[in-house]
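K.L.:
Submitted below is the structure of interest, expressed as structure tokens.
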Amino acid sequence: MRYISKPRFVSLEEALEACAVHNDERGKEFIYKKYYGYVMAVILRYVKNTFDAEELTNESFMRAFKNADRFKGSSSDEHAYEKSFRAWLARIAANISIDHLRAQKHLLSLDDVAETDYNSLKVNASDQLQVADILNLLNNLPEIQRVIFNMFEIEGYSHEEIASHLNIPESTSRTYLTRAKQKLRKLYLDSVATPLDEEGRYKDE
Amino acid sequence: MKKEDTRMNDNKQDDKELISYIAEVLKEYSTSYKEGAWEKFASVNVPVRKRILWPYLSGAAMLLLAGSLFWLRSPEVNKQVVSRKIPITQEIKTETATETPASTTKILISRGKQEQIVRPKYLRISIATALSSVLPATPKVNLAVQNSVADVATHSSQRDIFQEDRFLKLLQRDQGKASSQESEKSFENTSTLALNRQKKWDYSIALAPATTRDRFNFGGGLEVAYRLNDRISVGTGISVAGLGVQRSDRQIYSPRVSASSPQASLATGLTAANKLAAADEKLEDKQLESVRTSVLGLDIPLNFKYAINKYFYASAGASIFAVVNETRTNVYAKQVTSTENFSSINGASAVKPIIETVSVSEKTAEQPLRNSNFNGFINFSVGHRIPLSGKFQLGLEPFIKLPIGRAAKQDVNLSYGGIKLSAGF
């Protein structure tokens, strides 16, 4: 009878435990469907190609399911547990994305963009920027800057960890982070004045 | 310088606002779920556990075969009980009286119309059980036993009486042992029933070779039973049964009675097709000899089963018989007249008529069973259960099915019986 009426999971903790202990397919399905969009969003910050992003999303889930027993979240608060799991999942997705970029040798071409003086204009970002705009801004950054920006500002890596992952000096990580921020600001200001082309690039470039 | 410092601080503040906003938005952002993504992922990365049934089915078939062979080859089981009908109400015979298991002692105990021949291995228990129910263990026992012996003596020789005296002495000694064995068996049965109490549902696969009066048939199906208590269970299922029956001319048509009269129809139970065939017979000079009917149907029973003990049970119930296919063939004896020329020695020729009888088969389109509203059978069976493990058991169940409804009103006898071999779990 147990094959007829399989239990449906109501919480992430139950599903994760089922995956870790019993390698349960239903648990995997629950987690996959719930966090597919989140993992995809993380990967799209690193990888522009949607097809590659889908492949890397699946790869991220495979790694997550394989190491489900290693995740140790605080079970006292469901919200905190979920938040820590999202962070754990995001790190897996980021690592896989970086491995993918490294394999394609994108990160070898470290750009040497000279620092530019930007006009100091007050920006009220929250009223104007949407997610699609932010992603466009990110996609206009050089790859190494985008990666370091994502890792430091969003995933919460330290410069030491970034240096270790990307096999670069810490000082380089700091420099590129600063440049990424400056470039983002410039790109944002430009976007207000300059419309984007069909591919999401600024027409002036 | 102060102006430049202020400008730099403003830039940092602006950067912080923009960057923190971007980070905040991106941390919470997620795309929508793409339909079919999980199915694609699961098809590649999650192994699908298909329930492969053929090893279980082949295993069940092998066990069924092995169990049947074991049953047929086991000398103890074959020689345990042999029964035949006799009109004598009660009789005890002893041919020899030795205690050795290798002796040829036979004890015949009859209850009602049944007589059982029991081999020595089961002698003590059977006799003790049989007589203890008749003769209570009081001083009157001796008298009753003596009366029984005297009664037996009228049918036995002096030697037999002497042997029976010895036997009865042994019997009295063994009554104690037998009662303790009985209590052990009772405890065993009780404990087994108690263990089975947790299991409410029984499932089994059955093969049922059966025969009507005319033809051997084969069937089989699935059964499920629910235990109402330790002894009684109610079961149902579905099985395929093929029936082939035939009715001869005397049962179908009598030439002394006019086929067109209603009395003839009632007397002979002819169907409409048979009446037509009999009417045609007058015109074409042919006689309906037999009707062959083949029926393939699904039998859905509702049986009540009573567990006599751990190993034996009796079952009774009724079943609905859904006819899937029915074919009828009328077989006629037709007289064909021909002529033959003879020529004599002197050259004269003569014509002599010759009458030959040939058999002609004709299929009819009539399907009385298939077109009827209700066909069914009453089922009776007794069974022997052979437990092989805690969950698996084999069953050997002789059965008989008697038609009811439209099936009972046919001009052919659809009663059939056989032995059902089942593998239960």
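Those sequence lines, one after another, are chains A and B. Each residue of the first sequence is one higher than the one before, counting from 120 in my numbering. Each residue of the second sequence is one higher than the one before, counting from 31 in my numbering. By construction, the Cβ of each residue, glycine as well, lies at the ideal position given by its N, Cα and C atoms. This structure is a prediction, so every number in the text was calculated from the model and none was measured.
Mind listing the chain B neighbours of A:T215? Cutoff is C-beta to C-beta under 8 Å, in chain order.
P.N.:
Before going further, note that residue 215 of chain A is Ile rather than Thr in the sequence given. Those do not exist, as A:I215 stays about 14 Å from chain B at its closest Cβ, beyond 8 Å.
K.L.:
How far does the alpha helix (DSSP H) with A:K224 in it reach, from first residue to last?
P.N.:
That residue, A:K224, is in no alpha helix (DSSP H); it is neither H nor E in DSSP.
K.L.:
By Cβ distance below 6 Å, which residues in the same chain neighbour B:P292 in space, the five residues on each side in sequence not counted?
P.N.:
Unreliable placement is indicated for B:P292, whose pLDDT of 43 sits below 50; no coordinate value is reported for it.
K.L.:
Reducing DSSP to helix, strand and coil, say where A:Y157 ends up.
P.N.:
Residue state, collapsed to three classes: helix.
K.L.:
Can you give me the C-alpha to C-alpha distance between B:S389 and B:S320, rounded to a whole angstrom?
P.N.:
Cα-Cα distance, rounded: 10 Å.
K.L.:
Between which two residues does the beta strand (DSSP E) harbouring B:E412 extend?
P.N.:
Residue identity check: residue 412 of chain B is Val in the sequence provided, not Glu. 405-417 is the extent of the beta strand (DSSP E) around B:V412.
K.L.:
With a cut-off of 8 Å, do at least 3 Cβ pairs link the stretch 206-224 of chain A to the stretch 182-198 of chain A?
P.N.:
The answer is yes - the stretch 182-198 of chain A touches the stretch 206-224 of chain A, with three or more Cβ pairs under 8 Å.
K.L.:
Output yes or no for whether 7 Å exceeds the beta carbon distance between A:A212 and A:V250.
P.N.:
Going by C-beta atoms, A:A212 is not nearer than 7 Å to A:V250.
K.L.:
Use the C-beta contact count for B:L318: other C-beta atoms within 10 angstroms, 16 or more gives buried, fewer gives exposed.
P.N.:
Buried is the call here.
K.L.:
Establish whether the CB of A:K167 and some CB of chain B are separated by less than 7 Å.
P.N.:
Closer than 7 Å: no.
K.L.:
Just by C-beta distance, which residues in the stretch 141-153 of chain A are closer than 7 Å to chain C?
P.N.:
This model lacks chain C altogether, as its protein chains are A and B.
K.L.:
Does the beta carbon of A:E136 sit closer than 7 Å to a beta carbon anywhere in chain B?
P.N.:
Taking Cβ atoms only, chain B never reaches closer than 7 Å to A:E136, which makes this a no.
K.L.:
List, from N- to C-terminal side, the alpha helix (DSSP H) runs of 4 residues or more that fit wholly inside the stretch 330-398 of chain B.
P.N.:
Listed in chain order, nothing qualifies, since the stretch 330-398 of chain B has no complete alpha helix (DSSP H) run of 4 or more residues.
K.L.:
Using a Cβ cut-off of 7 Å (strictly closer), state whether A:E272 contacts chain B.
P.N.:
So yes, A:E272 belongs to the interface.
K.L.:
Helix or strand or just coil, what does DSSP make of B:L258?
P.N.:
Looking at B:L258 - three-state DSSP - the assignment turns out to be coil, as it is neither helix nor strand.
K.L.:
Alpha carbon to alpha carbon, how far is A:D309 from A:K302?
P.N.:
So the alpha carbons of these two residues sit roughly 10 Å apart.
K.L.:
Keeping to the same chain, check which residues put their C-beta closer than 6 Å to that of B:E356; ignore five residues upstream and five downstream.
P.N.:
Hits under 6 Å: V325, Q397, L399, R400.
K.L.:
Are there 16 or more other CB atoms within 10 angstroms of the CB of B:W68, so buried, or fewer, so exposed?
P.N.:
The residue is buried, with at least 16 neighbouring Cβ atoms inside 10 Å.
K.L.:
Buried or exposed: where does A:A97 fall if 16 or more other Cβ atoms within 10 Å of its Cβ makes it buried?
P.N.:
Because chain A in this structure spans residues 120 to 324, residue 97 of chain A falls outside the shown range and cannot be described.
K.L.:
Does the beta carbon of B:K431 come closer than 7 Å to any beta carbon on chain A?
P.N.:
By this cut-off, B:K431 is not an interface position.
K.L.:
Distance, Cα to Cα, A:A183 vs B:K70?
P.N.:
Using only the alpha carbons, I get a separation of about 17 Å.
K.L.:
Hey, is B:S345 close to the ligand FMN, as in C-beta under 6 Å from one of its heavy atoms?
P.N.:
Judged by which ligands are present, the structure shown has none, so any question about the ligand FMN falls away.
K.L.:
Per DSSP, B:S324 is paired with what?
P.N.:
DSSP output for B:S324 lists B:G274, B:T357 as bridge partner(s).
K.L.:
Work out the CA separation of A:L131 and A:H198 for me, nearest whole Å.
P.N.:
One C-alpha to the other measures close to 10 Å.
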